[in-house]
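Working notes, beginning with the structure itself.
Number of protein chains: 2
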Amino acid sequence: MAFELLKKDPQSAARRGRITTRHGIVNTPVFMPVGTRATVKALSPAELEELNAEIILGNTYHLFLRPGMEIMALAGGLHKFSNWQRSILTDSGGFQVFSLSKLRKVTPDGVKFASHIDGSKFFLGPVESMAIQRTLDSDIVMAFDECTPYPATYLEAEKSLNLTLRWERMSREQTLNDGQLRFGIVQGSIYEDLRQRCARELVEIGFDGYAIGGVSVGESEPEMLHAVDSAAPFLPENAPRYLMGVGTPRQIIESVARGVDMFDCVMPTRLGRHGSAFVGFGETIPVKAGKYAKDFTPIDENCGCYACRNKFTKAYIRHLFNVGEILGVRLVTLHNVYYFLNLARQIREAIEGGTFTELRQKFQ
Amino acid sequence: MAFELLKKDPQSAARRGRITTRHGIVNTPVFMPVGTRATVKALSPAELEELNAEIILGNTYHLFLRPGMEIMALAGGLHKFSNWQRSILTDSGGFQVFSLSKLRKVTPDGVKFASHIDGSKFFLGPVESMAIQRTLDSDIVMAFDECTPYPATYLEAEKSLNLTLRWERMSREQTLNDGQLRFGIVQGSIYEDLRQRCARELVEIGFDGYAIGGVSVGESEPEMLHAVDSAAPFLPENAPRYLMGVGTPRQIIESVARGVDMFDCVMPTRLGRHGSAFVGFGETIPVKAGKYAKDFTPIDENCGCYACRNKFTKAYIRHLFNVGEILGVRLVTLHNVYYFLNLARQIREAIEGGTFTELRQKFQ
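Here you go:
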């Protein structure tokens, strides 16, 4: 079995678990840094290992366009190409086809679209997405779905859901490489009965894990958490649950409380590039701002990341951003990714130690 | 004594030596990576230590403008500001005042100029430069000089030299912090007798080390080596000699053969940022070029840097440059700085082992 449920929190739906992939153990709840284009922005694989990242993301859509599948096949997959030895989850490309590409035409078998880079035409559907993820040879493969736009009327959401279910069945029928795990994705927008129906049908189709998608697309936080509440109870206890593209530290901990095991988000790397650092219980501070020009303390005195542990000061980091030096981006990105991985570690330890509710309260 | 001469090559003027600063030992011949704005571009202090860099450069002109001396004083100097524990040499700012700034007006006591960043007005002369380098608290302080432009007539070069000698005397008279070493700079353009005269006068003034400046400013390689030949024999044997801003691997080894101990150059970091990697005996290859898109070998199979040792392929690095990812710049910069530090190590070992002439021939 790829997933072991180790402990359940008695006061919430939080779970402590363990996924075993071909590349090692992934302890859940887990935060997965995003490596869109075969690199977690600004970080090296060695740094990610030192940060104890057990799994990172790759993006089918981006890698399909550049470097393209011929190079990826010649490289022998994404692990070998990017020199990352631990687990990789790849998305299906569905989200990016709908959010980035142009001139989309949806057919029953997938989407015709024009690349956002140079306008060249491609077709991506469940058959193609599974073939790409076979070539990438990721450890966890996501089914191809339609990310329902927000807002959507009930009828729009239902129509989109029907297409998603067709595509997920087709995704399920494709052959994968030995040991690749395949996750289904629950859609259904903000509609409880659609989410529930989707969850039930996916369980019937049968996947190794289940994601909740179509969140973090502009809806409110209560709507997002409601989507989780609508789906999670209908997903099998003995399979991992992944909330796609979420989120803030608070959203992560609230979703863990609702039974979610896996998270990914560009926030730590994106805010890192823009000079914002996570501190405390999910707050951010704009390290690159002039007000830190004479602040000779680290981002967070209590943080154990390379930047804080070695007393790189806010004044220094602010200077690096002010003059456009790469080391500034590197230090804040390292700090932020550490923050999210450390948050997941704290969550795991709290579930193990029976103190999850206390930890959760700190983030309110 | 800050400098120990350990061994002289019997077949050339090459020397193996050791400088002791307040921050440790610097084994010569040495290559000093350039950290213009309080960071060696794209690298972290931890990486530089792992690369065995024993000394790096900082730039007075750039640090004077940003973050400025108030912040540098509050930080307690450049070491503390940038978190670098080993030795630092700072230039005097003279070179940048002449190459970067605008609206220069030269007076007997220094230069009035407008910042290249925002046009604000400043004055920098020997008194100011020494004060700044006291605040930076670098281990090796460079005298303030005029970098004679190239080409210069004999009369222009002589006039510039006279000003330089005045400024170097003034630089010598300023008080430094305990343990700071002070280097004079030989100017004189391409004119042998001016170089010789400058060297003799500087030795009379008395410095802890001697630099050869006004090179790498557009002159030919033979002219540059001739400038070294004109000055080196008149510099004391028991003081380190530093060829400023040089150069290619071949230029470095040729200058070592002429008795130079110290080098700095932006080439490894600048070419690294632009995707060119040093290989073999000083050649470069454009790793970011399309022709490497399917080359699944490292930059250099025999190289011991992080990128090559861990088999990051040219295809991967090319992809990173192609999509604009920071890791590409990091990997090629690391490789190039390793190349130059490793070149200096090979030179030191060759002098020790009596094989310097053989090594030198490989770079012809």
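As they're listed, the protein sequences go chains Y and H. Residue -10 is where the first sequence starts when you use this note's numbering, and the numbers rise one by one after that. Residue -10 is where the second sequence starts when you use this note's numbering, and the numbers rise one by one after that. Glycine included, each C-beta is placed from N, C-alpha and C at the ideal position. This structure is a prediction, so every number in the text was calculated from the model and none was measured.
CB contact check: residue i to chain Y, cutoff 8 Å
i                     : result
residue 56 (chain H)  : yes
residue 319 (chain H) : yes
residue 314 (chain H) : yes
residue 265 (chain H) : no
residue 291 (chain H) : no
residue 110 (chain H) : no
Continuous beta strand (DSSP E) stretch holding residue i: start and end
i                     : result
residue 127 (chain H) : No beta strand (DSSP E) holds residue 127 (chain H); DSSP gives it neither H nor E.
residue 232 (chain Y) : 230 to 232
residue 265 (chain H) : 265 to 268
residue 4 (chain Y)   : 4 to 10
residue 171 (chain Y) : 170 to 175
residue 13 (chain H)  : 13 to 17
Any C-beta of chain H under 8 Å from that of residue i
i                     : result
residue 304 (chain Y) : yes
residue 63 (chain Y)  : yes
residue 124 (chain Y) : no
residue 301 (chain Y) : yes
residue 127 (chain Y) : no
residue 286 (chain Y) : no
residue 298 (chain Y) : no
residue 31 (chain Y)  : yes
residue 42 (chain Y)  : no
residue 79 (chain Y)  : no
residue 45 (chain Y)  : no
residue 71 (chain Y)  : yes
residue 171 (chain Y) : no
residue 194 (chain Y) : no
residue 26 (chain Y)  : yes
residue 311 (chain Y) : yes
residue 121 (chain Y) : no
residue 94 (chain Y)  : no
residue 308 (chain Y) : yes
Whole-angstrom distance between residue j and residue i, CA atom to CA atom
i                     : j                     : result
residue 277 (chain H) : residue 197 (chain Y) : 39 Å
residue 103 (chain H) : residue 311 (chain Y) : 19 Å
residue 269 (chain Y) : residue 290 (chain Y) : 11 Å
residue 228 (chain H) : residue 44 (chain H)  : 17 Å
residue 254 (chain H) : residue 181 (chain H) : 24 Å
residue 21 (chain H)  : residue 13 (chain H)  : 14 Å
residue 71 (chain H)  : residue 342 (chain H) : 37 Å
residue 190 (chain Y) : residue 274 (chain H) : 55 Å
residue 101 (chain Y) : residue 86 (chain Y)  : 9 Å
residue 59 (chain H)  : residue 160 (chain H) : 22 Å
residue 242 (chain H) : residue 26 (chain Y)  : 40 Å
residue 327 (chain Y) : residue -4 (chain Y)  : 25 Å
residue 265 (chain H) : residue 10 (chain H)  : 33 Å
residue 2 (chain H)   : residue 222 (chain H) : 9 Å
residue 149 (chain H) : residue 121 (chain H) : 23 Å
residue 245 (chain H) : residue 346 (chain H) : 11 Å
residue 239 (chain H) : residue 352 (chain H) : 6 Å
residue 179 (chain Y) : residue 285 (chain H) : 46 Å
residue 354 (chain Y) : residue 168 (chain Y) : Nothing can be reported for residue 354 (chain Y), as the shown portion of chain Y is limited to -10 through 353.
residue 166 (chain H) : residue 99 (chain H)  : 22 Å
residue 234 (chain Y) : residue 234 (chain H) : 48 Å
residue 293 (chain H) : residue 330 (chain H) : 11 Å
residue 207 (chain Y) : residue 33 (chain Y)  : 31 Å
residue 141 (chain H) : residue 147 (chain H) : 9 Å
residue 305 (chain Y) : residue 306 (chain H) : 29 Å
residue 258 (chain Y) : residue 28 (chain Y)  : 11 Å
Residue i: first and last residue of the uninterrupted alpha helix (DSSP H) it sits in
i                     : result
residue 310 (chain Y) : 303 to 311
residue 148 (chain H) : 143 to 162
residue 261 (chain H) : 256 to 262
residue 37 (chain Y)  : 34 to 39
residue 245 (chain Y) : 238 to 245
Entirely enclosed alpha helix (DSSP H) segments - the region 48 to 120 of chain H, minimum 4 residues: 49 to 54, 58 to 64, 67 to 71, 83 to 88
Length at least 4, wholly inside the region 180 to 222 of chain Y: the alpha helix (DSSP H) runs in chain order: 181 to 194, 210 to 220
Check whether the region 248 to 262 of chain H and the region 17 to 25 of chain H are in contact - that is, three or more C-beta pairs closer than 8 Å. yes
Are there three or more Cβ pairs, one per stretch, closer than 8 Å when the region 210 to 220 of chain H is compared with the region 171 to 187 of chain H? yes
Indicate whether the contact test is met: 3 or more Cβ pairs, each with one atom in the region 333 to 350 of chain Y and one in the region 288 to 304 of chain Y, closer than 8 Å. no
For the region 130 to 140 of chain Y against the region 74 to 88 of chain Y, do three or more pairs of beta-carbon atoms, one drawn from each stretch, fall closer than 8 Å, so that the two count as touching? yes
May I have a chain-ordered list of the alpha helix (DSSP H) segments no shorter than 4 residues that lie completely inside the region 317 to 348 of chain Y? none
Are the region 28 to 42 of chain Y and the region 315 to 326 of chain Y touching, with three or more C-beta to C-beta distances below 8 Å? yes
Touching by the beta-carbon criterion (3+ pairs, under 8 Å), the region 48 to 55 of chain Y and the region 106 to 118 of chain Y: yes
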